[in-house]
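J.: Take this structure first; my questions come after.
There are 4 protein chains.
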Amino acid sequence: MSSTFGKTLTLTTFGESHGIALGGILDGFPSGVRIDEDFIRSEMQRRRPGSSSLTTARKEDDEVEILSGVYNGITTGTAIGFIIRNKAQRSADYSSIEHIYRPGHADMTYDAKYGIRDPRGGGRASGRETACRVFGGALAKLYLRERGINVSAAVIELGGIKASGYEWKPPFSPPIYAPENDNLDAMIKAAEDAKADSDSVGGIIECHIDGVPAGLGSPVFDKLDACLSHAIMSIGGVKGIEFGSGFKAVSMRGSDNNDQIRISDGKPLFMTNNAGGILGGISNGDTIIFRAAVKPTPSIYKEQLTITDGKEETTIEIKGRHDPAIVPRAVAVVEAMSALTILDHYLEEHGYER
Amino acid sequence: MSSTFGKTLTLTTFGESHGIALGGILDGFPSGVRIDEDFIRSEMQRRRPGSSSLTTARKEDDEVEILSGVYNGITTGTAIGFIIRNKAQRSADYSSIEHIYRPGHADMTYDAKYGIRDPRGGGRASGRETACRVFGGALAKLYLRERGINVSAAVIELGGIKASGYEWKPPFSPPIYAPENDNLDAMIKAAEDAKADSDSVGGIIECHIDGVPAGLGSPVFDKLDACLSHAIMSIGGVKGIEFGSGFKAVSMRGSDNNDQIRISDGKPLFMTNNAGGILGGISNGDTIIFRAAVKPTPSIYKEQLTITDGKEETTIEIKGRHDPAIVPRAVAVVEAMSALTILDHYLEEHGYER
Amino acid sequence: MSSTFGKTLTLTTFGESHGIALGGILDGFPSGVRIDEDFIRSEMQRRRPGSSSLTTARKEDDEVEILSGVYNGITTGTAIGFIIRNKAQRSADYSSIEHIYRPGHADMTYDAKYGIRDPRGGGRASGRETACRVFGGALAKLYLRERGINVSAAVIELGGIKASGYEWKPPFSPPIYAPENDNLDAMIKAAEDAKADSDSVGGIIECHIDGVPAGLGSPVFDKLDACLSHAIMSIGGVKGIEFGSGFKAVSMRGSDNNDQIRISDGKPLFMTNNAGGILGGISNGDTIIFRAAVKPTPSIYKEQLTITDGKEETTIEIKGRHDPAIVPRAVAVVEAMSALTILDHYLEEHGYER
Amino acid sequence: MSSTFGKTLTLTTFGESHGIALGGILDGFPSGVRIDEDFIRSEMQRRRPGSSSLTTARKEDDEVEILSGVYNGITTGTAIGFIIRNKAQRSADYSSIEHIYRPGHADMTYDAKYGIRDPRGGGRASGRETACRVFGGALAKLYLRERGINVSAAVIELGGIKASGYEWKPPFSPPIYAPENDNLDAMIKAAEDAKADSDSVGGIIECHIDGVPAGLGSPVFDKLDACLSHAIMSIGGVKGIEFGSGFKAVSMRGSDNNDQIRISDGKPLFMTNNAGGILGGISNGDTIIFRAAVKPTPSIYKEQLTITDGKEETTIEIKGRHDPAIVPRAVAVVEAMSALTILDHYLEEHGYER
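Given below as structure tokens:
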């Protein structure tokens with residue numbers, strides 16, 4: 000079921016970049032939750048295109064229409080259907096490349112899989128589908144924050160420039176949703192320089208999930224970090240993920256990487272958090288921390304070598320509206336997928352408490 | 000379903016480190032496949048403990064008893080049940096730490112989740128459960144290799160020492176299952192030094208999956224890289240995963256990271272493989288390549304600060320038999336989980352061809 | 000996942016009787032299928048309210064808007080999102096009974112489960128949700144009929160009157176979708192009489208699935224008849240199901256109930272079809288036959304004893320627009336759920352052939 | 000996943016009739032439950048062959064070996080692996096019919112599906128696999144009875160003879176597990192007569208589930224009655240199921256079939272139970288009641304017309320050891336599947352309470 004995420008709480012989505020509408024169904028969401036429309040709109044706004052010089056010029060207001068599952072502003076426990084109408088489709092932009100495979104894109108693989116594809120703006124493979132994830136994540140956050148669980152993500156590297164000298168103080172601000180830090184201007188400039196060069200940049204998003212009680216996640220195949228990895232790696236453009244000390248752990252010794260434990264105020268206190276808040280696939284009560292690597296936007300204006308769907312060699316210069324960096328807009332998506340994953344496991348463990 | 004992996008092809012496992020037996024059920028496996036017992040035994044052997052100075056001294060022959068789903072040496076299409084008897088349980092080794100949480104282990108999180116745990120050798124959280132994965136993976140490989148799909152993994156970094164100057168020529172050899180390379184002795188020495196220091200080391204495993212036809216994997220949530228990440232991150236001790244250029248992509252520009260395409264012998268030829276063989280979550284016909292970061296073994300002989308299950312501060316020096324590096328033995332597990340994931344998607348796409 | 004049906008092919012739905020819209024997502028549907036809008040409309044028409052004196056007077060045209068997954072009239076293999084706008088909501092009809100539990104309805108059980116419910120027209124529990132099933136089933140039929148698999152259902156008993164002396168010649172006609180038979184007028188009259196008495200009637204629907212190749216379905220838990228039973232029993236108002244000789248088999252001896260086999264034209268020919276086309280949970284190549292018992296519409300105009308959501312005794316006379324028999328409109332739903340189930344198993348077995 | 004049942008609580012099984020062993024994995028079962036071995040053995044005993052003249056003469060003690068998930072007699076919350084060794088395989092009995100399809104059996108359909116089958120005693124299609132279900136059900140019952148939920152089933156019709164004049168007073172007794180009633184001797188005689196005639200009989204099993212709180216089950220596709228139907232129809236030989244008034248509802252009017260409601264002792268009291276304890280797919284707090292139709296044993300000693308796997312016409316007289324009626328032994332299986340279904344939904348609703 001490629002368009003469904005989750006087990007107890009499921010998000011199923013549909014929609015192409017330039018189709019009539021995107022949308023989805025959030026099922027298994029608890030009843031009795033008041034819909035905070037302002038919060039949902041602010042979440043959608045963070046992912047929305049057209050909000051700065053670093054994102055695509057496509058204008059979409061990304062207004063969500065909730066069609067079911069809510070009565071008098073309160074969730075009823077039944078499936079929440081929603082749609083987001085596409086407004087700024089300009090399919091003409093894409094007609095010239097209908098038969099050319101854009102490097103770094105899924106044009107070629109969709110043809111291989113389905114023998115047919117919607118060529119307009121990447122169709123189903125467009126990052127535009129993540130709007131539905133952000134809506135689902137917003138609802139998950141509403142439930143989680145009532146239980147003291149908060150998700151925050153930020154860009155900590157952009158265009159090869161690492162954020163430096165910062166504290167983790169969400170919420171983080173546009174245009175790039177990085178923490179206040181010594182290299183903030185350089186990070187922005189790296190993206191702007193790439194844009195000026197008709198090119199693009201990638202970056203790293205770090206995510207913190209605070210307040211998760213010890214005991215969420217499963218042994219063996221559905222370890223909490225495995226499920227979070229599935230969730231985050233399913234976001235287009237994410238090429239890697241690591242938890243806690245992550246890839247650095249490979250050059251540490253066990254005595255350095257193990258998080259030793261003390262008692263503070265009667266509760267376990269980990270002296271370090273190399274585990275990233277998860278041990279044996281189960282949350283340990285510390286902050287869950289991971290980092291995701293996002294590749295540079297594959298849509299660039301430079302000429303590239305490629306082939307046609309008739310297997311002829313050709314070149315392409317992609318026109319249209321693109322983000323020189325998708326990293327900033329992916330921050331909201333990373334948070335959304337994290338919130339959905341945590342709530343899925345939370346409900347499996349705790350059921351539908353009332 | 001924490002103990003079940005896969006959708007069309009499922010592996011469900013059970014078993015504690017020091018229980019009577021481990022085992023599992025492989026369901027949805029095609030009929031008509033001849034069981035190659037020598038191959039299965041050689042796969043089990045690669046993960047088996049006790050085979051070198053770099054692995055735990057625990058001796059297990061890891062003989063698999065197939066209980067169903069095979070008739071006259073041929074699979075029948077029905078569920079394949081199997082067990083692996085534990086032979087070298089020495090529970091006495093662990094009794095002294097029944098109430099102490101080992102740093103870096105899941106003792107504490109299992110107690111938080113279940114309120115009870117089998118303290119003998121880590122119980123269900125022990126790496127010993129991966130024996131069942133290797134068996135399932137061996138069968139998946141039997142089917143895949145008939146279709147030209149081959150999985151090979153190797154240690155490319157150990158104890159901070161990177162393999163250097165090597166070609167990818169599987170199979171790779173014990174004791175550490177690294178490619179022949181200039182730093183092979185240094186890699187082994189790094190692990191031995193850690194052992195001499197009562198400590199442990201981590202490393203990186205790289206995996207190549209050759210021959211996967213373009214078109215496997217799903218858009219959106221079950222992207223092939225997302226599912227492989229789920230599979231690999233579910234292996235105990237894996238802290239990160241990256242595909243193709245991975246974390247390096249974040250400092251590349253789009254024009255460098257995009258894999259441009261030519262035609263060679265009438266087929267698409269990617270000039271680079273930064274994508275790691277997957278575009279938009281669907282295989283592109285090139286080799287699928289990923290790397291997994293494995294943390295240093297948490298079981299070390301050095302004294303560490305920790306707490307009891309009664310929330311008292313204490314210290315611990317772990318006794319017993321441990322691997323100074325679990326990385327080498329994890330190679331077979333990485334291959335197994337990859338093979339299971341690929342076959343799951345293959346069957347979803349192609350059905351049960353006959 | 001209460002709002003998702005199927006494994007390889009999934010239908011996920013949303014929508015309340017008097018909400019803004021109903022809709023759903025059909026995922027895993029093969030690419031390359033031409034959308035036959037006339038056929039879809041004719042299928043929707045069979046379930047649509049307001050089409051005869053025996054159905055509710057509510058007028059809905061049940062026009063389906065396809066929002067994704069179709070490009071130039073051909074399915075692309077990606078998720079097919081669709082909505083059906085509600086047009087004739089008259090919520091005022093229901094306000095008087097917001098706090099009263101209607102006997103035979105789910106008002107009370109939704110309150111018990113969720114602590115809240117949308118009282119307008121039964122909310123999610125309304126039969127109106129089946130419109131989404133009929134749309135999904137219509138697409139499944141398009142794929143199946145190309146492979147020689149056809150689904151047909153008819154009312155064979157209504158208001159206590161059994162159809163008599165008939166042949167199975169689909170399609171069957173309104174108003175009651177029974178075969179031409181000696182008792183057709185009596186069947187209609189039974190429903191009209193009940194309506195005149197402010198009451199309602201139930202009936203039996205028989206379903207034939209022709210052309211299913213031998214080999215669909217699974218041993219053990221997902222037997223084809225078990226999955227069809229799940230599908231059909233999930234339709235509101237269905238209280239029983241039986242395959243082949245069904246409940247009559249209990250008074251037959253094995254020698255009568257077993258279907259003996261001959262060869263005809265080189266193919267197996269069953270001399271009877273007491274099995275209903277399924278043996279050991281797997282299709283045997285014969286017509287799959289089952290019957291479903293549909294209860295009388297619980298919405299009746301007669302006064303009934305009941306209670307309020309405050310646990311006070313009261314009485315109720317249900318106003319509004321209701322079907323004196325839901326059986327005729329359920330015929331299309333039975334066919335739809337059958338088609339979805341068969342296609343789900345077909346795709347699992349055969350994959351996405353191209 | 001044909002060999003897995005359930006969502007939150009899953010039972011996965013394996014095993015052929017004459018293989019080395021049957022077994023399974025119960026996953027998602029709560030921790031902290033004391034294993035009551037006597038109770039488990041008594042449950043297994045009710046399904047066990049060889050216990051009376053009305054069951055097969057095959058002798059199996061059906062001792063279950065629990066291999067994991069239990070520590071010091073208490074469940075740990077991890078996967079419970081178990082096996083049941085086959086002891087009385089007599090494959091020679093079956094060799095003469097290796098290439099002949101037994102009427103009413105799955106021999107032919109397994110060949111169609113898999114192209115190969117284990118011919119010994121029906122292989123995977125044998126009723127012997129239900130031993131694993133009874134074990135899983137026994138554990139589910141242990142958990143449910145602590146919460147006041149009890150499952151009891153009985154044979155209410157056998158060989159065409161209906162039980163008459165009885166009260167529902169479980170437990171019911173061998174040899175046929177019918178209630179004490181006026182026709183008990185006639186029921187037994189009907190089965191004995193069929194046996195004397197080298198033939199077999201079918202029957203009806205009724206099941207009561209008491210103490211289920213209102214609110215279990217889901218709207219739409221996973222209605223509680225739909226899931227119970229899936230569970231019960233997956234038992235080999237079951238050809239039909241009905242809830243509450245069931246097939247009788249089709250000749251009742253709505254005013255008769257609706258269960259009117261009063262208040263008694265401050266709680267809702269249904270004046271009838273035509274709904275069978277479920278409204279809109281969700282439990283209403285009343286006893287859940289359903290009946291299952293079990294066909295006569297297909298294995299009979301009489302000569303029957305059939306074909307070979309080479310599509311030649313032939314006849315068969317089945318030798319070996321068979322039950323003249325499988326109905327009595329199916330009683331324990333019906334209870335087990337009911338208990339597993341209810342606990343699955345209970346855990347989804349309530350989570351893992353501690």
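Protein chains in written order, with numbering that gives the first Met the number 0: chain P, 0 to 353; chain W, 0 to 353; chain L, 0 to 353; chain S, 0 to 353. Just so it is clear, CB atoms sit at the ideal spot from N, CA and C, and this is done for glycine as well.
#1: Relative to the C-alpha of proline 295(P), which candidate in Val69(P), Leu138(P), Val237(P), Arg146(P) has its C-alpha closest?
#2: Does DSSP put lysine 161(S) in a helix, a strand or coil?
#3: What residue from Leu25(S), Glu205(S), Glu312(S) has the CA that sits closest to tryptophan 167(S)'s CA?
#4: Quick one: Cα of phenylalanine 269(L) to Cα of glutamate 145(L), how far?
#5: How would you call arginine 47(W), buried or exposed, if buried means at least 16 neighbouring beta carbons within 10 angstroms?
#6: Starting from threonine 12(P) and walking both ways along the alpha helix (DSSP H), at which residues does that stretch end?
#7: Measure the C-alpha to C-alpha separation of tyrosine 165(W) and isoleucine 299(P) and round it to an integer number of angstroms.
#8: Answer yes or no: do leucine 21(P) and glycine 14(P) have a C-beta to C-beta separation smaller than 8 Å?
#9: Using only alpha-carbon positions, find the residue among Leu10(L), Val326(L), Thr9(L) that is nearest to alanine 291(L).
#10: Looking at chain W, which residues of the stretch 190 to 213 of chain P have a Cβ within less than 7 Å of any of its Cβ atoms?
#11: Give the residues from the stretch 107 to 118 of chain P that approach chain L closer than 9 Å (Cβ to any Cβ), ordered along the chain.
#12: Report the neighbours of glutamate 145(P) on chain L: residues whose CB is nearer than 7 Å to its CB, in chain order.
#13: Tell me which residues of the stretch 17 to 48 of chain S have at least one Cβ-Cβ distance to chain P shorter than 7 Å, keeping chain order.
#14: Take isoleucine 187(S) as the anchor and find which of Asp209(S), Ile115(S), Arg101(S), Pro174(S) has the nearest alpha-carbon.
#15: Is the distance from the Cβ of arginine 40(L) to the Cβ of valine 330(L) below 8 Å?
#16: Quick check: what's the CA-CA separation for isoleucine 231(P) versus serine 282(L)?
#17: Could you check the C-alpha separation between threonine 11(W) and glycine 18(W) for me, to the nearest Å?
#18: Please state whether DSSP places tyrosine 142(S) in a helix, a strand or coil.
#19: Whose C-beta lies closer than 6 Å to the C-beta of aspartate 117(L) among residues of the same chain, with five residues either side of it excluded?
#20: Can a CB atom of chain S be found closer than 8 Å to the CB of histidine 344(P)?
#21: Where DSSP assigns a beta bridge to arginine 84(S), which residues make up the other side?
#22: Output the distance between the C-alpha atoms of aspartate 110(S) and glycine 284(L), rounded to the nearest integer angstrom.
#23: Note down, in chain order, every chain P residue with its Cβ under 8 Å from the Cβ of alanine 324(L).
#24: At which residues does the beta strand (DSSP E) containing lysine 266(L) begin and terminate?
#25: Output needed in chain order: residues of the stretch 238 to 250 of chain P with a Cβ under 7 Å from some Cβ in chain W.
#26: Alpha carbon to alpha carbon, what distance is there between proline 212(W) and alanine 87(W)?
#27: Under 7 Å Cβ-Cβ, which residues of chain L neighbour lysine 301(S)?
#28: Is glycine 5(L) close to chain W? Criterion is C-beta to C-beta, closer than 8 Å.
#29: Can you tell me which of Val293(P), Glu179(P), Glu352(P), Ile287(P) puts its alpha carbon nearest to the alpha carbon of valine 332(P)?
#30: Flag this pair as yes or no: are the beta carbons of threonine 286(S) and histidine 207(S) separated by less than 8 Å?
#31: Under 8 Å, Cβ to Cβ, is there at least one residue of chain L near isoleucine 160(P)?
#32: Can you give me the start and stop residues for the beta strand (DSSP E) that valine 293(S) sits inside?
#33: If you run the structure through DSSP and keep just helix, strand and coil, what is glutamate 166(L)?
#34: Which residues in chain P have a C-beta closer than 9 Å to the C-beta of isoleucine 79(L)? List them in chain order.
#35: With which residues is glutamine 303(L) paired in a DSSP beta bridge?
#36: Since glutamate 156(L) meets chain S, which of its residues come closer than 9 Å, beta carbon to beta carbon?
T.: Taking the structure as given:
#1: As a first step, residue 295(P) must be located in the first sequence, where it is residue number 296. When only C-alpha atoms are compared, the closest one is Val237(P).
#2: Taking the first residue of the fourth sequence as position 1, residue 161(S) is located at position 162. DSSP places lysine 161(S) in strand when its eight states are reduced to three.
#3: Here residue 167(S) refers to the residue found at position 168 when the fourth sequence is read from its first residue. Tryptophan 167(S) has its Cα closest to that of Glu205(S), out of Leu25(S), Glu205(S), Glu312(S).
#4: Against the third sequence, residue 269(L) aligns to sequence position 270. Against the third sequence, residue 145(L) aligns to sequence position 146. C-alpha of phenylalanine 269(L) to C-alpha of glutamate 145(L): approximately 25 Å in a straight line.
#5: Counting from one through the second sequence, the residue named residue 47(W) turns up at place 48. Arginine 47(W) should be labelled buried.
#6: Translated into positions along the first sequence, residue 12(P) becomes position 13. It is not in any alpha helix (DSSP H) - threonine 12(P) instead sits in the beta strand (DSSP E) that spans 9 to 13.
#7: The residue labelled residue 165(W) in the question sits at position 166 within the second sequence. The residue labelled residue 299(P) in the question sits at position 300 within the first sequence. One C-alpha to the other measures close to 34 Å.
#8: Residue 21(P) sits at position 22 when you count from the first residue of the first sequence. Residue 14(P) sits at position 15 when you count from the first residue of the first sequence. Contact flag set, yes.
#9: Position 292 of the third sequence holds residue 291(L). Of the listed residues, the one whose Cα sits closest to alanine 291(L) is Val326(L).
#10: Ala193, Asp198, Ser199, Val200, Gly201, Gly202, Ile203, Ala213
#11: Listed by position, the residues of the stretch 107 to 118 of chain P near chain L (Cβ gap below 9 Å) are Tyr109, Lys112, Tyr113, Gly114, Ile115, Arg116, Asp117, Pro118.
#12: For this step, residue 145(P) is matched to residue 146 along the first sequence. Those within 7 Å of glutamate 145(P) in chain L number zero; the least Cβ separation is about 16 Å.
#13: none
#14: Here the question's residue 187(S) lines up with position 188 in the fourth sequence. That would be Pro174(S), whose Cα lies nearest to the Cα of isoleucine 187(S).
#15: Counted from its first residue, the third sequence places residue 40(L) at position 41. Counted from its first residue, the third sequence places residue 330(L) at position 331. No, the Cβ-Cβ distance between arginine 40(L) and valine 330(L) is not below 8 Å.
#16: Indexing the first sequence from 1 puts residue 231(P) at position 232. Indexing the third sequence from 1 puts residue 282(L) at position 283. Taking the straight line from one Cα to the other gives about 41 Å.
#17: In the second sequence, counting from the first residue as 1, residue 11(W) sits at position 12. In the second sequence, counting from the first residue as 1, residue 18(W) sits at position 19. One C-alpha to the other measures close to 17 Å.
#18: To locate residue 142(S), count along the fourth sequence from 1; it is residue 143. If DSSP states are grouped into helix, strand and coil, tyrosine 142(S) belongs with the helices.
#19: Walking along the third sequence from the start, residue 117(L) turns up at place 118. Residues Glu15 of the same chain have their beta carbon placed closer than 6 Å to that of aspartate 117(L), with the five preceding and five following residues left out of the count.
#20: Along the first sequence, one-based indexing puts residue 344(P) at 345. Not closer than 8 Å to any Cβ of chain S, the Cβ of histidine 344(P) fails to qualify, so no.
#21: For the purposes of this step, residue 84(S) is taken as residue 85 along the fourth sequence, with counting starting at 1. Arginine 84(S) is bridged to Ala20(S).
#22: By one-based count along the fourth sequence, residue 110(S) stands at place 111. By one-based count along the third sequence, residue 284(L) stands at place 285. Taking the straight line joining both Cα atoms gives about 12 Å.
#23: Indexing the third sequence from 1 puts residue 324(L) at position 325. Per Cβ cutoff of 8 Å: no residues; alanine 324(L) is ~27 Å from chain P at best.
#24: Counted from its first residue, the third sequence places residue 266(L) at position 267. Counting along the chain, the unbroken beta strand (DSSP E) around lysine 266(L) starts and ends at 266 to 269.
#25: Lys238, Gly239, Ile240, Glu241, Phe242, Gly243, Ser244, Gly245, Phe246, Ala248, Val249, Ser250
#26: Position 88 of the second sequence, counting from 1, holds the residue named residue 87(W). Position 213 of the second sequence, counting from 1, holds the residue named residue 212(W). Cα to Cα, the separation comes out at about 43 Å.
#27: Residue 301(S) sits at position 302 when you count from the first residue of the fourth sequence. Chain L residues near lysine 301(S): Ser254.
#28: Walking along the third sequence from the start, residue 5(L) turns up at place 6. It does not; no Cβ of chain W falls within 8 Å.
#29: Position 333 of the first sequence, counting from 1, holds the residue named residue 332(P). For the residues Val293(P), Glu179(P), Glu352(P), Ile287(P), the minimum Cα distance to valine 332(P) belongs to Val293(P).
#30: Within the fourth sequence, the letter at position 287 stands for residue 286(S). Within the fourth sequence, the letter at position 208 stands for residue 207(S). A contact, by the Cβ cut-off of 8 Å.
#31: Taking the first sequence and counting its residues from 1, one reaches residue 160(P) at position 161. For isoleucine 160(P), the answer is no, since every Cβ of chain L falls outside 8 Å of its Cβ.
#32: The residue you call residue 293(S) lines up with position 294 of the fourth sequence. It spans 287 to 293 - the beta strand (DSSP E) in which valine 293(S) sits, taken as one unbroken run.
#33: Residue mapping note: residue 166(L) aligns to position 167 of the third sequence, counting from 1. Glutamate 166(L): coil per DSSP, three-state reduction.
#34: On the third sequence, residue 79(L) is found 80 positions in, with the first residue counted as 1. In chain order: Phe13.
#35: Looking up residue 303(L) in the third sequence gives position 304. Glutamine 303(L) is bridged to Ile315(L).
#36: By one-based count along the third sequence, residue 156(L) stands at place 157. Result: Val249, Ser250.
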